[in-house]
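Residue numbers (the working numbering): 83 to 256.
Ideal Cβ positions, reconstructed from N, Cα and C, are used throughout, including at glycine.
Note that the structure is a prediction, hence the values are computed from the model and not measured.
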Amino acid sequence: LPYLVMSQTVPLIALAPLVVSWGGKLEIGSFVWPRWLSASILGTFLAFFPIAVGTLRGLASAPAAAVELMDSYAASWKQTLFKLRFPAAVPFMVPAFKLGASGAVVGVVVAEISTGLKGGIGRLIIEYAREATGDPAKVFTAVFGAAALGITMSGLVALSDVLLMRNRPKETSA
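The structure is reproduced here in structure tokens:
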């Protein structure tokens with residue numbers, strides 16, 4: 083967990099040029115590093131922390147009695163993970179994926195701004211901000227576009243949760 087926290091102390095805007103530079107020097111066969119891949123990696127970097135924390139918290143949330151029961155059945159580590167810990171982690175992972183999805187949008191927009199990637203929402207924000215003296219509504223159009231994209235991504239995660247977990251028993255409060 084300290085490494086996760088440490089990864090979030092690095093400013094994303096300072097990391098973006100490094101990812102572009104290192105990616106441009108990467109040679110794997112005939113693979114050529116496209117600039118959009120740098121923005122994708124930075125979006126993933128920003129999404130990783132809430133997903134990792136939610137998943138780790140969820141994996142540790144399995145009831146101790148259930149873990150002891152799995153031990154008494156001589157269940158392997160893999161069986162305990164897939165039959166007990168992952169199902170117990172789902173209620174923690176879904177909100178983490180929602181946060182991660184919206185965080186990824188922020189990461190990609192910041193990466194587009196700081197790497198000079200053409201044609202994205204981040205670039206539109208910069209171009210419209212430059213012209214803001216004439217029409218400030220343009221800047222808000224791009225900002226609301228980014229917000230709508232973040233809400234859409236979060237909504238897709240919520241929809242997938244509903245579709246994948248529709249047969250799961252409902253939790254009731256006592």
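9 angstroms Cβ cutoff met for residue i and residue j
i: Ser142; j: Ser120; result: Note that residue 142 is Ala in the sequence shown, not Ser. Against a cut-off of 9 angstroms, the Cβ pair of Ser120 and Ala142 comes out as no contact.
i: Met235; j: Val172; result: no
i: Ser184; j: Ile233; result: yes
i: Val114; j: Thr197; result: no
C-beta neighbour in chain D for residue i, strict 9 angstroms
i: Trp115; result: Of the chains in the structure shown, none is chain D; there is only one protein chain.
Residue range of the unbroken alpha helix (DSSP H) whose run includes residue i
i: Glu150; result: Ala146 to Ser154
i: Glu209; result: Ile203 to Arg212
i: Thr91; result: Neither: Thr91 is in no alpha helix (DSSP H) and is coded neither H nor E.
i: Glu194; result: Phe168 to Thr197
i: Lys220; result: Ala219 to Leu246
i: Ala157; result: No alpha helix (DSSP H) holds Ala157; DSSP gives it neither H nor E.
i: Gly140; result: Arg117 to Leu141
Proximity test, residue i beta-carbon vs the ligand MG heavy atom, cut-off 8 angstroms
i: Ala147; result: Judged by which ligands are present, the structure shown has none, so any question about the ligand MG falls away.
Same chain only: Cβ atoms within 8 angstroms of residue i, ignoring 5 sequence neighbours per side
i: Leu199; result: Arg117, Trp118, Ser120, Ala121, Ala193 and Arg205
i: Ala240; result: Val176 and Lys180
Sequence-distant residues of the same chain with beta carbon closer than 6 angstroms to residue i, five excluded per side
i: Leu166; result: Ala144, Ala148 and Met152
Close Cβ partners of residue i (< 7 angstroms) along its chain, the five nearest in sequence each way excluded
i: Ser242; result: none
Looking at C-beta atoms only, is the number of pairs between the stretch 119-135 and the stretch 90-110 that lie closer than 8 angstroms three or more? yes
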